[in-house]
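Remarks on the structure that follows.
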Amino acid sequence: MSGVRVLVGTRKGAFILTSDGKRTHWDVSGPHFAGWEMYHIKGSPVDPNRLYASQSSGWFGQVIQRSSDGGKTWETPGGGLTKNPEGMPGVSNKFVYDTSPESGKPLTTHQWYDGTQHPWEFKRVWHLEPSLTDPDTVYAGVEDAALFRSTDGGTSWQELPGLRGHGTGPQWQPGAGGMCLHTVILDPKNPNRIFIAISSAGAFRTDDAGKTWRPINRGLHSQGIPDPDAEVGHCVHRIAMHHSRPDVLFMQKHWDVMRSNDAGDSWQEVSGNLPTDFGFVIDVHAHEPETIYVVPIKSDSEHFVPDGKLRVYRSRTGGNEWEALTQGLPQSDCYVNVLRDAMAVDALDQCGIYFGTTGGQVYASADAGDHWNAIVRDLPAVLSVEVQTLP
Amino acid sequence: MIRVVLPAHLRTLAHVDGEVNLEIEGRVTQRSVLDALEARYPMLCGTIRDHVTQQRRPFLRFFACEEDLSHESPDAPLPEAVASGKEPLLVIGAVAGG
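Listed in order, the protein sequences are those of chains A and B. So the first sequence is numbered by our numbering: it starts at 1 and just counts up by one. So the second sequence is numbered by our numbering: it starts at 392 and just counts up by one.
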């Protein structure tokens with residue numbers, strides 16, 4: 001029987017939760033990398049035992065970890081006790097912005113909180129997106145916002161400078177959580193197309209495998225910026241796509257849930273009857289491309305669920321019409337948040353939905369959201385949740 | 392033999408217990424000690440000093456012989472007691488965070 005492996009990143013380590021296809025009994029492994037902030041862990045779609053993890057610390061900076069056995073053991077690629085073939089020490093945590101003249105427009109500054117220009121400074125990897133076809137190729141979305149790629153299993157990293165070199169770069173500015181590139185979506189039908197999102201610059205798309213990029217924010221409306229309809233500057237929190245329809249995108253913006261039917265060329269609001277359209281996560285059912293999930297959060301100044309009730313909202317119509325899913329979730333005195341990378345779905349016949357909270361719970365539903373159970377209740381604050389469906 | 396005491400998280404990352412002992416040829420300075428440390432434990436590259444600028448990470452300090460050497464030149468000789476192995480060089484993580 002097939003099973004699932006849930007990869008959980010928290011403020012103080014990583015945890016791996018495994019179950020068979022019934023998803024009723026869980027084994028909990030961890031903490032891995034105890035004491036470190038684990039922003040994201042994700043497996044290769046073509047080799048489920050190949051995992052990549054972003055490990056970071058305010059003291060010691062960024063570390064990239066890699067597993068080749070589904071998380072049982074880990075290594076810092078290229079950073080082991082033996083040197084790599086070139087005789088150089090490991091550089092798997094070396095993220096250096098491209099400033100070469102031949103790369104086009106080597107930007108050096110972006111907008112700071114006070115409106116002045118500020119140099120780009122690498123802080124951490126927010127999101128790792130393994131290639132859909134090659135287990136040794138993986139993308140990294142980083143803070144300050146840029147996209148890096150490794151083609152040697154995370155041993156070395158090169159920036160795709162066309163993104164940061166976009167002419168709007170000096171207008172990008174950090175959100176409260178930093179200027180992070182947090183979403184990387186690879187188009188399963190077009191290998192040259194990648195979608196990314198940045199807080200707070202907005203969404204961008206490349207159609208030439210990362211050489212050039214263009215903003216895809218038409219239709220977004222944000223009150224917190226001088227021009228609410230600006231080309232860039234929107235605080236996009238998360239974008240989701242169903243693999244069967246890569247031109248249809250769903251977005252949870254700072255405020256507003258949005259939908260695009262044309263690969264981001266234009267967006268329409270689909271917040272509908274949500275109790276609040278602020279939030280972070282959004283995801284799509286594995287088998288129903290019009291079934292989407294969000295977790296409404298009260299407001300940008302009160303980052304917890306409204307009314308003390310933890311409710312996942314599901315739309316079976318691609319937005320606008322939403323139903324609250326509450327069975328098994330706390331419906332009083334609950335004041336947690338669900339961060340942008342902390343929801344995922346499995347691909348079993350009965351689609352499973354998973355999310356983690358800042359209160360340390362990881363909830364799972366084995367029936368597409370109708371009923372929920374906490375797999376674990378007392379982890380450190382959850383930063384990210386990914387799911388692998390195992391053969 | 393130079394003795395280096397690492398913070399707990401870096402000992403875990405480097406898969407070492409207790410002190411690290413290093414052989415240094417030539418002058419014993421912060422730079423030569425860190426060069427030798429990173430050569431032997433490549434996974435520590437970038438965790439104590441920046442990959443490119445070689446600047447000490449802000450929340451780390453270098454102590455030895457009851458002195459804070461963090462703001463000394465990286466090429467200044469370390470105290471004789473460190474160079475002789477009598478005292479360790481301490482890499483200290485700031486008491487901060489939650």
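For each residue, glycine too, the CB sits at the ideal point set by N, CA and C. Quick caveat: nothing in here was measured; it's all calculated off a predicted structure.
Within 8 angstroms of any Cβ in chain A, is that where the Cβ of residue i sits?
| i | result |
| --- | --- |
| V494 (chain B) | The structure shown does not extend to residue 494 (chain B), since chain B is modelled only from 392 to 489, so the question has no answer here. |
| T437 (chain B) | According to the sequence provided, residue 437 (chain B) is Gly. The question's Thr does not apply to it. It does: the Cβ of G437 (chain B) has a partner Cβ on chain A nearer than 8 angstroms. |
| F454 (chain B) | no |
| H400 (chain B) | yes |
| L413 (chain B) | no |
| R448 (chain B) | yes |
In whole angstroms, what is the alpha-carbon distance linking residue i and residue j?
| i | j | result |
| --- | --- | --- |
| W126 (chain A) | S423 (chain B) | 33 angstroms |
| I216 (chain A) | A203 (chain A) | 5 angstroms |
| Q268 (chain A) | H254 (chain A) | 15 angstroms |
| T291 (chain A) | H243 (chain A) | 13 angstroms |
| I16 (chain A) | G476 (chain B) | 43 angstroms |
| P479 (chain B) | E75 (chain A) | 28 angstroms |
| T389 (chain A) | V345 (chain A) | 9 angstroms |
| A197 (chain A) | R402 (chain B) | 36 angstroms |
| V295 (chain A) | G78 (chain A) | 39 angstroms |
| D307 (chain A) | V385 (chain A) | 25 angstroms |
| W172 (chain A) | T183 (chain A) | 16 angstroms |
| V4 (chain A) | P191 (chain A) | 27 angstroms |
| H397 (chain A) | Y52 (chain A) | This structure cannot settle anything about residue 397 (chain A), because the visible part of chain A is limited to 1 through 391. |
| T99 (chain A) | L220 (chain A) | 31 angstroms |
| W26 (chain A) | S19 (chain A) | 5 angstroms |
| A433 (chain B) | I439 (chain B) | The displayed chain sequence assigns Pro, not Ala, to residue 433 (chain B). If you take the alpha carbons of P433 (chain B) and I439 (chain B), they lie about 12 angstroms apart. |
| K459 (chain A) | G61 (chain A) | Nothing about residue 459 (chain A) can be reported from this structure: the residues present for chain A run from 1 to 391 only. |
| S332 (chain A) | R377 (chain A) | 16 angstroms |
| D134 (chain A) | H234 (chain A) | 32 angstroms |
| E143 (chain A) | D441 (chain B) | 16 angstroms |
| I64 (chain A) | A405 (chain B) | 13 angstroms |
| D402 (chain A) | W120 (chain A) | Any property of residue 402 (chain A) remains undetermined from this structure, which presents chain A solely from 1 to 391. |
| S398 (chain A) | Y293 (chain A) | Since the displayed chain A opens at 1 and closes at 391, residue 398 (chain A) lies outside it and no answer follows. |
| T155 (chain A) | S92 (chain A) | 4 angstroms |
| L181 (chain A) | G141 (chain A) | 5 angstroms |
| R205 (chain A) | E458 (chain B) | 53 angstroms |
Determine the extent of the beta strand (DSSP E) in which residue i is found, giving its start and end residues.
| i | result |
| --- | --- |
| V96 (chain A) | Note, V96 (chain A): premise wrong, no beta strand (DSSP E); not H, not E. |
| L147 (chain A) | A146 to S150 |
| T389 (chain A) | V382 to L390 |
| Q421 (chain B) | Taken as a continuous stretch (DSSP letters only), Q421 (chain B) belongs to no beta strand (DSSP E), being part of the alpha helix (DSSP H) at Q421 to R431. |
| E471 (chain B) | Premise fails: E471 (chain B) lies in the alpha helix (DSSP H), E471 to A474, not in any beta strand (DSSP E). |
| S365 (chain A) | V362 to S365 |
| N373 (chain A) | N373 to V376 |
| R314 (chain A) | V312 to S315 |
| E414 (chain B) | Unbroken run through E414 (chain B): none, as it is neither H nor E. |
| E323 (chain A) | E323 to L325 |
| L394 (chain A) | Since the displayed chain A opens at 1 and closes at 391, residue 394 (chain A) lies outside it and no answer follows. |
| R340 (chain A) | Where R340 (chain A) is concerned, there is no enclosing beta strand (DSSP E), given that its DSSP letter is neither H nor E. |
| I393 (chain B) | I393 to V396 |
| R447 (chain B) | Note, R447 (chain B): premise wrong, no beta strand (DSSP E); not H, not E. |
| G356 (chain A) | I353 to G356 |
| A368 (chain A) | Where A368 (chain A) is concerned, there is no enclosing beta strand (DSSP E), given that its DSSP letter is neither H nor E. |
| L451 (chain B) | L451 to A455 |
Going by DSSP, what residue range makes up the alpha helix (DSSP H) through residue i?
| i | result |
| --- | --- |
| V486 (chain B) | Note, V486 (chain B): premise wrong, no alpha helix (DSSP H); not H, not E. |
| A399 (chain B) | A399 to A405 |
So, does the CB of residue i fall closer than 8 angstroms to a CB anywhere in chain B?
| i | result |
| --- | --- |
| N337 (chain A) | no |
| W36 (chain A) | yes |
| V96 (chain A) | yes |
| N192 (chain A) | no |
| V382 (chain A) | no |
| V91 (chain A) | yes |
| P85 (chain A) | Reliability fails at P85 (chain A), whose pLDDT of 44 lies under 50, so the model's placement of it is uncertain and the value that follows must be treated cautiously. P85 (chain A) does not count as touching chain B. |
Please confirm whether residue i has its beta-carbon closer than 8 angstroms to some beta-carbon of chain D.
| i | result |
| --- | --- |
| T276 (chain A) | In the structure shown, chain D cannot be found, because the protein chains are A and B. |
Quick one: complete beta strand (DSSP E) runs, 3+ long, within the stretch 255 to 310 of chain A?
-> 257 to 260, 278 to 284 and 292 to 297
Closer than 9 angstroms, Cβ to Cβ, to anything on chain A: give me those residues from the stretch 415 to 442 of chain B, in chain order.
-> Answer set for the stretch 415 to 442 of chain B: E429, A430, R431, Y432, P433, M434, L435, C436, G437, T438, I439, D441 and H442.
In the stretch 54 to 80 of chain A, which residues sit with their C-beta less than 9 angstroms from some C-beta in chain B, listed in chain order?
-> Q55, S57, G58, W59, F60, G61, Q62, V63, E75, T76, G78, G79 and G80
Unbroken beta strand (DSSP E) runs of length 3 or more, entirely within the stretch 100 to 166 of chain A: which are they?
-> 109 to 111, 117 to 119, 124 to 130, 138 to 143 and 146 to 150
Under 7 angstroms (Cβ pairs) to chain A, residues found in the stretch 454 to 483 of chain B | none
At a Cβ cut of 8 angstroms, what residues of the stretch 126 to 158 of chain A count as close to chain B, listed as they run along the chain?
-> none
Listed in chain order, which residues of the stretch 102 to 124 of chain A have Cβ atoms closer than 7 angstroms to some Cβ of chain B?
-> none
Can you list the beta strand (DSSP E) stretches of 3 or more residues lying completely in the stretch 6 to 72 of chain A, in chain order?
-> 13 to 20, 27 to 32, 37 to 43, 51 to 57 and 61 to 67
Give, in chain order, every unbroken run of the beta strand (DSSP E) that is at least 3 residues long and sits entirely within the stretch 163 to 236 of chain A.
-> 180 to 186, 194 to 199 and 202 to 206
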